[in-house]
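Chemist: Please see the structure below; I have some questions.
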Amino acid sequence: MVEEGSNQVLADPWSAEEWSSHAQELVLEALELARKVTGFPGRWKMIIGKLEQIPSCLSDLSSHPCFSKNALCKEQLQAVSKTLQEATELAELCVKEKYEGKLQMQSDLDALSGKLDLNLRDCRLLVKTGVLGEATLPLSMAGSTAEPEISMHSHIKELLARLQIGHLESKHKALDSLVEVMKEDEKNVLSGLGRSNIAALVQLLTATSPCIREKTVAVICSLAESGSCENWLVSEGVLPPLIRLVESGSPVGKEKATISLQRLSMSTETARAIVGHGGVRPLIEICQTGDSVSQAAAACTLKNISAVPEVRQKLAEEGIIRVMINLLDCGILLGSKEYAAECLQNLTASNENLRRSVISEGGIRSLLAYLDGPLPQESPVAALRNLVGSVSMEVLISLGFLPRLVHVLKSGSLGAQQAAASAICKVCSSTEMKKLVGEAGCIPLLIQLLESKSNSVREVVAQAISSLVTLSHNCREVKRDDKSVPNLVQLLEPSPQNTAKKYAVPCLSSLSSSKKCKKLMISYGAIGYLKKLSEMDIHGAKKLLERLERGRLRSLFRRR
Numbered sequence: 001m002v003e004e005g006s007n008q009v010l011a012d013p014w015s016a017e018e019w020s021s022h023a024q025e026l027v028l029e030a031l032e033l034a035r036k037v038t039g040f041p042g043r044w045k046m047i048i049g050k051l052e053q054i055p056s057c058l059s060d061l062s063s064h065p066c067f068s069k070n071a072l073c074k075e076q077l078q079a080v081s082k083t084l085q086e087a088t089e090l091a092e093l094c095v096k097e098k099y100e101g102k103l104q105m106q107s108d109l110d111a112l113s114g115k116l117d118l119n120l121r122d123c124r125l126l127v128k129t130g131v132l133g134e135a136t137l138p139l140s141m142a143g144s145t146a147e148p149e150i151s152m153h154s155h156i157k158e159l160l161a162r163l164q165i166g167h168l169e170s171k172h173k174a175l176d177s178l179v180e181v182m183k184e185d186e187k188n189v190l191s192g193l194g195r196s197n198i199a200a201l202v203q204l205l206t207a208t209s210p211c212i213r214e215k216t217v218a219v220i221c222s223l224a225e226s227g228s229c230e231n232w233l234v235s236e237g238v239l240p241p242l243i244r245l246v247e248s249g250s251p252v253g254k255e256k257a258t259i260s261l262q263r264l265s266m267s268t269e270t271a272r273a274i275v276g277h278g279g280v281r282p283l284i285e286i287c288q289t290g291d292s293v294s295q296a297a298a299a300c301t302l303k304n305i306s307a308v309p310e311v312r313q314k315l316a317e318e319g320i321i322r323v324m325i326n327l328l329d330c331g332i333l334l335g336s337k338e339y340a341a342e343c344l345q346n347l348t349a350s351n352e353n354l355r356r357s358v359i360s361e362g363g364i365r366s367l368l369a370y371l372d373g374p375l376p377q378e379s380p381v382a383a384l385r386n387l388v389g390s391v392s393m394e395v396l397i398s399l400g401f402l403p404r405l406v407h408v409l410k411s412g413s414l415g416a417q418q419a420a421a422s423a424i425c426k427v428c429s430s431t432e433m434k435k436l437v438g439e440a441g442c443i444p445l446l447i448q449l450l451e452s453k454s455n456s457v458r459e460v461v462a463q464a465i466s467s468l469v470t471l472s473h474n475c476r477e478v479k480r481d482d483k484s485v486p487n488l489v490q491l492l493e494p495s496p497q498n499t500a501k502k503y504a505v506p507c508l509s510s511l512s513s514s515k516k517c518k519k520l521m522i523s524y525g526a527i528g529y530l531k532k533l534s535e536m537d538i539h540g541a542k543k544l545l546e547r548l549e550r551g552r553l554r555s556l557f558r559r560r
C-alpha cells in the first residue's frame, strides 16, 4: 500500500480510522512476539521501549478534530503500520531463530530501531506543526475551490510539514513541490514558514544527494534574500553547511550558497560567525576562481565581514588584500570592483599594518586607476584618504593623485567629494603639499562645496580650507573668490548641529588681513555670529570679533 522509502499514499480503500485501528492491532502483535525473543536482548529491549510509545502517539493523532480529513495522517499511519509489520516479522524470525546470520540480524534490528524513531518523531511533529488543523487538498483542486487562497495556504502548510516528516525520498518530493510553488507564490510560502520548517531545510543541506542539496540551497537563498528569517536560519545552524557548499558544491550550489552568505553577513554577529566557522578561505577562493555572480557575491560578503574591526587581521592573514586589489584591476563584474574598493576602505580604516600591506601590494595605483572608470568613487577615495598619511608625497605626486582628486571634487558624488576633502586634510601636512594642492585647482572647488546642505561635508571642507589658507599663496586665492567670505560667514551659525563653525573661524581669521574681506564679513553679519561664538568659547572667535569691531570703529570715525 505504501511505496518503499516514501510516505506517499497509493490508492487504497481504507479510511484513516481503519488504518489507525490496524496499526493498534499490529502494535499489540509486535509487542507480544518481541517479549518472547531471547536473543539480542539489548537491542530488543530498546525496540520494545519504542513500540510501547506508539499507542499514545496514535491516540494523539486520531483524537485530533481534523484527523480523518488530513492526507498526512493517513500516510503516516501507513508508514507506522509498515514498520510494525517489519517488527513482527523480525521478532518471529528471532523467536524461531531462523535468521540468516547474526551480523545481518543485528543490522536489521538497528535499522528497525531507526525507523521506529522516525515514526515516533513524525507522529509528534504532525501534531506539533499545526498542519492537522488544515484539511489538505490536492494542488490541482486549489484553483477550482470557492476559496483558492485558503486551499493554497493549506497545500503550502502540508508541503512545509512534509519537509520534516518521512524518509529522505518523500522529503525530496516535497522539496520539488515547494520549489515550484515558490516560483508562483513565494509570499505565501514565506508567511507560512515556522522555525521547525527552517530547521528541516537546514538539515536537508547536509543530505548525501547533491541534487537535494542544490534544491535546498536555492530555497534557503530565497529565504535569506527575503530578509524575513535570517535569525532563524543562523540559529538553526545554516552557516556551516553553506560554507561547505561554497567549498565543494556544484556551480549552482556554490552560487546560491555564496549569495545566501552575502545576505546573512549584513549582520555583524553573523559576519563574525562566518569567520569563526572557517568561511573566509572558501570565499576568497570564489573571488579568485568563481563565475561572475559568485565572485561578486563573495566579494560583497567579505566586504561585509571587513566592516567588523576585530576580524580584519584574520582576513589579512588569509590573503584578502592581494585578492581585493586583483578584483580592483580585473573583477569580472563592475560590482566586484566596487565591493573590493569598499573592502579596502574598511581594512585600512584603523590598522596601520594593514595600510602598509595595501601600499606594498600596489593598492594605491589600483585605487587611482579605479577612479578613472564609471563606478562610484566614494569608497576608493575614502580608502586613499586612509592611505595617504602612510606614503610619501613624492609617490602620491608620481601616481597622479592630485589630478584625480580634482576630478572627484568637480564631478564626484557628494560622498566622494567629502572623502576627497578629507584626503586633502590629511595630505596638507607640509608646506610643499599645501602649495601643490592649491596649484592643482582644489581651492575654488572646495569653496563651492561650502554651500552643501550636508553638515558633515561642510565641516570637512572648512577643515581643508583652514589648513590650506595657512599658506599665503592659497590665502590670496581664497580672498579672490567672491563666494569664500559669504559661504564661510554662513558657517558661523552657532547651532549645535553646525560643527563646521570651529573651522570657519580660523579661515575667516586668515582672510581678515584684507580690508575688503573684513567689510564683507561685517556686511554678512559675522559680528553677531561671533559674539555668540565667543560666549560659547569657540577658539579664535573672540579675537576675530575684536579685529572686526576695531575695523568697524575706524570706519565710523573716518566717516565723521
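For the sequence shown, the UniProt record's numbering begins at 1 and goes up steadily by one.
Ideal Cβ placement from N, Cα and C applies to all residues, glycine included.
Just how far apart, CA to CA, sit cysteine 300 and leucine 533?
Modeler: Stepping through the sequence shown from its first residue, residue 300 is reached at position 300. Stepping through the sequence shown from its first residue, residue 533 is reached at position 533. One C-alpha to the other measures close to 45 angstroms.
Chemist: Exposed or buried, asparagine 7, counting other C-beta atoms within 10 Å across all chains shown (16 or more means buried)?
Modeler: The residue you call residue 7 lines up with position 7 of the sequence shown. Its pLDDT being 42, under 50, asparagine 7 is placed unreliably by the model, and the measurement read from it follows with that caveat. It is buried - the Cβ of asparagine 7 has at least 16 other Cβ atoms within 10 Å.
Chemist: Quick check on valine 395: buried or exposed, where buried means 16 or more other Cβ atoms within 10 Å of its Cβ?
Modeler: As a working note, residue 395 is residue 395 in the sequence shown. So valine 395 counts as exposed.
Chemist: Measure the alpha-carbon distance for residue 604 versus glycine 114 and round it to whole angstroms.
Modeler: It is not possible to answer for residue 604, since the shown part of the chain is limited to 1 through 560.
Chemist: Leaving aside the five residues before and after glutamate 255 along the sequence, list all residues of the same chain whose C-beta is less than 6 angstroms from its C-beta, in chain order.
Modeler: Residue 255 sits at position 255 when you count from the first residue of the sequence shown. The residues are Val293, Ser294.
Chemist: Between serine 260 and isoleucine 220, how many whole angstroms is the CB-CB distance? I'm expecting something under 8 angstroms.
Modeler: Numbered from 1 along the sequence shown, position 260 holds the residue referred to as residue 260. Numbered from 1 along the sequence shown, position 220 holds the residue referred to as residue 220. About 6 angstroms separates the two Cβ atoms, so the contact holds.
Chemist: Could you name each continuous alpha helix (DSSP H) segment of 4 residues or more that falls completely within the UniProt repeat "ARM" (237-279), going from the start of the chain to the end?
Modeler: Those alpha helix (DSSP H) runs which fall completely within the UniProt repeat "ARM" (237-279) and span 4+ residues are 239-248, 251-264, 268-276.
Chemist: Does the region 323-334 come close enough to the region 269-280 to have 3 or more Cβ pairs within less than 8 angstroms?
Modeler: Segments in contact, no.
Chemist: If you run the structure through DSSP and keep just helix, strand and coil, what is glutamine 203?
Modeler: Locating residue 203 in the sequence shown gives position 203, counting from the first residue. If DSSP states are grouped into helix, strand and coil, glutamine 203 belongs with the helices.
Chemist: Just the Cα atoms here: how many angstroms apart are lysine 531 and glutamate 230?
Modeler: Looking up residue 531 in the sequence shown gives position 531. Looking up residue 230 in the sequence shown gives position 230. In a straight line, the C-alpha of lysine 531 is about 54 angstroms away from that of glutamate 230.
Chemist: Determine the burial state of cysteine 211: buried for a count of at least 16 other Cβ atoms within 10 Å of its Cβ, exposed for fewer.
Modeler: Position 211 of the sequence shown, counted from the first residue, corresponds to residue 211. It counts as exposed.
Chemist: What separation, rounded to the nearest whole angstrom, lies between the Cα atoms of serine 484 and leucine 354?
Modeler: Position 484 of the sequence shown, counted from the start, is the residue given in the question as residue 484. Position 354 of the sequence shown, counted from the start, is the residue given in the question as residue 354. Those two C-alpha atoms are separated by around 39 angstroms.
Chemist: Taking Cβ positions, are isoleucine 156 and asparagine 119 nearer each other than 8 angstroms?
Modeler: Within the sequence shown, the letter at position 156 stands for residue 156. Within the sequence shown, the letter at position 119 stands for residue 119. Taking 8 angstroms as the Cβ cut-off, isoleucine 156 and asparagine 119 do not qualify as a contacting pair.
Chemist: Any chance the region 413-423 sits against the region 450-469, with 3 or more Cβ pairs inside 8 angstroms?
Modeler: Touching, yes.
Chemist: From leucine 405 to glycine 319, what does the alpha carbon distance come to, in whole angstroms?
Modeler: Walking along the sequence shown from the start, residue 405 turns up at place 405. Walking along the sequence shown from the start, residue 319 turns up at place 319. Cα-Cα distance, rounded: 29 angstroms.
Chemist: Taking the C-alpha atoms as reference points, what is the distance between glycine 389 and serine 350?
Modeler: One-based indexing of the sequence shown puts residue 389 at position 389. One-based indexing of the sequence shown puts residue 350 at position 350. C-alpha separation (whole angstroms): 12 angstroms.
Chemist: Would you decide whether alanine 146 is buried or exposed? Buried here means 16 or more other CB atoms lie within 10 Å of its CB.
Modeler: Reading the sequence shown from its first residue, position 146 is the one you call residue 146. Residue confidence for alanine 146 is low, a pLDDT of 42 falling below 50, so the modelled location carries little weight; the figure read from the coordinates is stated next. Its Cβ having fewer than 16 others within 10 Å, alanine 146 is exposed.
Chemist: With lysine 74 and alanine 23 assumed to form a contact (beta carbons below 8 angstroms), what rounded beta-carbon distance in angstroms separates them?
Modeler: Walking along the sequence shown from the start, residue 74 turns up at place 74. Walking along the sequence shown from the start, residue 23 turns up at place 23. That belief does not hold up - the Cβ atoms of lysine 74 and alanine 23 are roughly 11 angstroms apart, past 8 angstroms.
Chemist: Are there three or more Cβ pairs, one per stretch, closer than 8 angstroms when the region 496-510 is compared with the region 459-479?
Modeler: They touch, by the three-pair rule.
Chemist: Would you report the Cα separation of alanine 504 and lysine 515, rounded to the nearest angstrom?
Modeler: Locating residue 504 in the sequence shown gives position 504, where the first residue counts as 1. Locating residue 515 in the sequence shown gives position 515, where the first residue counts as 1. Between alanine 504 and lysine 515, the C-alpha separation is close to 18 angstroms.
Chemist: Can you give me the C-alpha to C-alpha distance between alanine 421 and methionine 433, rounded to a whole angstrom?
Modeler: The residue labelled residue 421 in the question sits at position 421 within the sequence shown. The residue labelled residue 433 in the question sits at position 433 within the sequence shown. Cα to Cα, alanine 421 sits roughly 14 angstroms from methionine 433.
Chemist: Output the residue ranges of the alpha helix (DSSP H) runs that lie fully inside the region 419-447 and measure 4 residues or longer, sorted by chain position.
Modeler: You should have 431-439.
Chemist: Just how far apart, CA to CA, sit isoleucine 325 and proline 309?
Modeler: The residue you call residue 325 lines up with position 325 of the sequence shown. The residue you call residue 309 lines up with position 309 of the sequence shown. Their Cα atoms are separated by approximately 20 angstroms.
Chemist: Does leucine 548 pass the burial test, meaning 16 or more other C-beta atoms within 10 Å, or should it be called exposed?
Modeler: In the sequence shown, residue 548 corresponds to position 548, counting from 1. Counting Cβ neighbours within 10 Å, leucine 548 comes out buried, since at least 16 surround it.
Chemist: Report the option in Leu264, Gln262, Ile274, Val246 whose CA atom is closest to the CA atom of isoleucine 286.
Modeler: Translated into positions along the sequence shown, residue 286 becomes position 286. Comparing Cα positions, the closest option is Val246.
Chemist: In three-state terms, what does DSSP make of glutamate 17?
Modeler: As a working note, residue 17 is residue 17 in the sequence shown. Residue state, collapsed to three classes: helix.
Chemist: Inspect the beta-carbon positions of serine 366 and glutamine 345 and report whether they are closer than 8 angstroms.
Modeler: Along the sequence shown, read from residue 1 onward, the residue named residue 366 stands at position 366. Along the sequence shown, read from residue 1 onward, the residue named residue 345 stands at position 345. Their beta carbons are not under 8 angstroms apart, which means serine 366 does not touch glutamine 345 by this criterion.
Chemist: Taking a contact to mean a Cβ-Cβ separation below 8 angstroms, would you say arginine 385 touches alanine 423 in this structure?
Modeler: The residue you call residue 385 lines up with position 385 of the sequence shown. The residue you call residue 423 lines up with position 423 of the sequence shown. Yes.
Chemist: Between Leu168, Gly42, His172, Ala218, which lies nearest to lysine 183 when the distance is taken from Cα to Cα?
Modeler: Here residue 183 corresponds to residue number 183 of the sequence shown, with the count starting at 1. Ranking the options by Cα distance to lysine 183, first place goes to Ala218.
Chemist: Taking the beta carbon of alanine 79 as the centre, do at least 16 other beta carbons fall within 10 Å, making it buried, or is it exposed?
Modeler: By one-based count along the sequence shown, residue 79 stands at place 79. Burial call: buried.
Chemist: Could you pull the start and end residues of the alpha helix (DSSP H) that alanine 349 belongs to?
Modeler: Here residue 349 refers to the residue found at position 349 when the sequence shown is read from its first residue. Taken as a continuous stretch (DSSP letters only), alanine 349 belongs to no alpha helix (DSSP H), as it is neither H nor E.
Chemist: Output needed for glutamate 52: all residues of its chain with C-beta closer than 8 angstroms, excluding positions within five of it in sequence on either side, in chain order.
Modeler: Stepping through the sequence shown from its first residue, residue 52 is reached at position 52. Excluding positions up to five away in sequence, the list reads Leu31.
Chemist: Between Val238, Glu100, Val437, which lies nearest to leucine 205 when the distance is taken from Cα to Cα?
Modeler: Counted from its first residue, the sequence shown places residue 205 at position 205. Among Val238, Glu100, Val437, the Cα nearest to that of leucine 205 belongs to Val238.
Chemist: Kindly list the residues whose CB is nearer than 7 angstroms to the CB of residue 572, restricted to its own chain and excluding five residues on each side of it in sequence; keep chain order.
Modeler: Residue 572 is absent from the model: the chain starts at 1 and stops at 560.
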